[in-house]
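Since the structure comes first, as structure tokens, the remarks are kept for the end.
Residue numbers (my numbering): 1 to 602.
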């Protein structure tokens, strides 16, 4: 199922959230553990510490109190809205941090309109009421984290009973956690050992025999599960022990389930709300409550909204003219005009705003590649880099940068890099100077267009190559700070106030290539992924923040994305070079499908 069709399915199944859900603030010290939504878009969040439930009205930017402390709740675990019954169900259990007195773990029901307590049901023989799912029979099913069982709450009889009890459902002190139905199959995630279990519901609504879903890796602190579409689940991996909280789409069918990362580097995501285009995430910050950061003051608690990653087939694409291959450099003008450079030849392409292709520059002995293109609109110049990435049979040529005068459409500058440097990517300053990464020398150079001289502005071991290519993509923020990607080491580096330091990421990137800032200040990163072939477009919402950054996946499954240009309206034009076909699989351009440029809203 395509992500575009998937969005429509989920929108119908779950209902679209009303208003802007990107920045709702929860109360200070709230430490959210659960999140649910009603059919009108009202969101409900439960607190692990305050023994309270907050409510976020559609379109509101701040949560308001709904269930105050003193209701009998301890730490609020799973939440579920019963729209038909106009009630909110909540699991209450003891996490050891709640303000309320200790009591037995129980399922609570509150009136949606008044917040009045409707009922309280203790778990039979003790237990730990964790999460709640509604079954195809209309009843509620509860994960019991302390026991190897799943419980059933009969809505008609208002009674809890054991639905499934099996050794597979336990195995650790804190295990069964997230719970969700996909049709007549219940899925249960286990917190301590990261498994996913499948329990079929038989024709008489009794439980079948549980089985284990084979995963490519263990889930890291698996918390809530949500239904996305037939055959697709969403897991919230809080990873309190490892520090890389993730939201992951799971496709459990097949010999081995498929896992697709939606976002990573999150502050212990515990729950969320799925809608047609995105997921709303509750980040608990539990490491500051239970983990290795215990005692550290938490950041403000806000709900985070992240779009679902899409595949190339779901993106708008522009086909390159027949006979052109391996696109790399790209520059987009404000009127929709595109300029495209190629990896294996110096021909520069021009696409006018009406979509007609032409040749801007045919290529020559001076220009033999176009790995990056950048527009200097104030001076009507197009700057580019022309490294000898695929050496000509006559021998290697000096790597260089160049400029084209767009008024005359003639080559203006050809500037070999000093010390045999390998010019890879370019950024321009407001004064029209040219910053260029040197992929073999571990440097960033600046060409001063006034003095006509190169100078070294960064020379650092962090920019040195690993396995051939080092400093690659470069992006300049409006305040002059730089971010540079090291293609070989997978690191992103920040140059600020004359010092270079590493950006803290939840993982090393696989061949970070093109970089650019979006209009909202987020950093867009192309993950080339030459080895795996799973190229991605990534978004880092706050690249200059302190601590570990969050990585959102905009698109996945691209074939060697290499460079991009972002228009003022937030549309990124991304070249899919497919160069790994030349480097890894040794396929030539004639055996490669059409080469494309993608239009991606960022």
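We put the CB at the ideal spot given by N, CA and C, even for glycine.
Everything numeric in this text was worked out from a predicted model, so none of it was measured.
From the listed residues 442, 542, 512, 515, the smallest Cα separation to residue 521 is found for 542.
A direct Cα-to-Cα measurement between residue 136 and residue 188 gives close to 16 Å.
DSSP, read as helix, strand or coil, puts residue 348 in strand. Residue 313 carries a helical assignment under DSSP once its states are collapsed to helix, strand and coil. For residue 261, the closest alpha carbon among the candidates 312, 322, 474, 553 is that of 553. If you keep only unbroken beta strand (DSSP E) runs of at least 3 residues inside the region 403-446, you get 410-416, 423-428, 434-438. For residue 66, the enclosing beta strand (DSSP E) has its first and last residue at 64-67. By alpha-carbon distance to residue 600, the top candidate from 530, 518, 533, 531 is 518.
The region 244-257 makes no contact with the region 294-302, as fewer than three CB pairs between them are under 8 Å. Burial state of residue 203 is exposed, judged by a 10 Å Cβ sphere holding fewer than 16 other Cβ atoms. A contact is defined here as three or more CB-CB pairs under 8 Å, and the region 533-542 fails this definition with respect to the region 338-356.
Under the DSSP assignment, residue 110 falls in the beta strand (DSSP E) whose first and last residues are 106-111.
For residue 406, the CB contacts under 7 Å within the same chain, skipping 5 residues up- and downstream, are 380, 381, 382 in chain order. In the DSSP assignment, residue 24 falls outside any beta strand (DSSP E), carrying neither H nor E.
Annotation: residue 37 to residue 76 spans about 15 Å, alpha carbon to alpha carbon.
For residue 252, the secondary structure class from DSSP, reduced to helix, strand or coil, is coil. Under the DSSP definition of a beta bridge, residue 297 lacks any partner. By alpha-carbon distance to residue 243, the top candidate from 459, 220, 158 is 220. Restricting attention to beta strand (DSSP E) runs no shorter than 3 residues, the region 128-156 encloses them at 129-134, 140-144, 149-154, ordered along the chain. Buried is the label assigned to residue 87, since at least 16 other Cβ atoms lie within 10 Å of its Cβ.
Residue pairing for residue 43: DSSP places it in a beta bridge opposite 37, 56. With respect to residue 506, residue 488 sits apart: the two C-beta atoms are not nearer than 7 Å.
Residue 52 is classed as buried because its beta carbon has at least 16 other beta carbons within 10 Å across all chains shown. The region 67-76 and the region 90-104 touch, with three or more beta-carbon pairs separated by less than 8 Å. Taking the Cα positions, residue 478 is about 29 Å away from residue 529. Using a Cβ distance threshold of 7 Å, residue 272 and residue 251 do not count as a contacting pair. In the three-state reduction of the DSSP assignment, residue 214 falls in the coil class. Rounded to the nearest angstrom, the gap between the Cα atoms of residue 328 and residue 429 is 21 Å. CA-CA distance, residue 106 to residue 98, rounds to 15 Å. Residue 341 places its beta carbon less than 7 Å from that of residue 384.
A Cβ-Cβ contact shorter than 7 Å links residue 139 with residue 154. If you look at residue 227, you'll find it in the beta strand (DSSP E) that goes 222-229.
Less than 7 Å divides the Cβ of residue 145 from the Cβ of residue 174.
Residue 479: not part of any beta strand (DSSP E); DSSP gives it neither H nor E. The bridge partners DSSP lists for residue 525 are 515, 538.
Beta-bridge partners of residue 328 (DSSP): none assigned.
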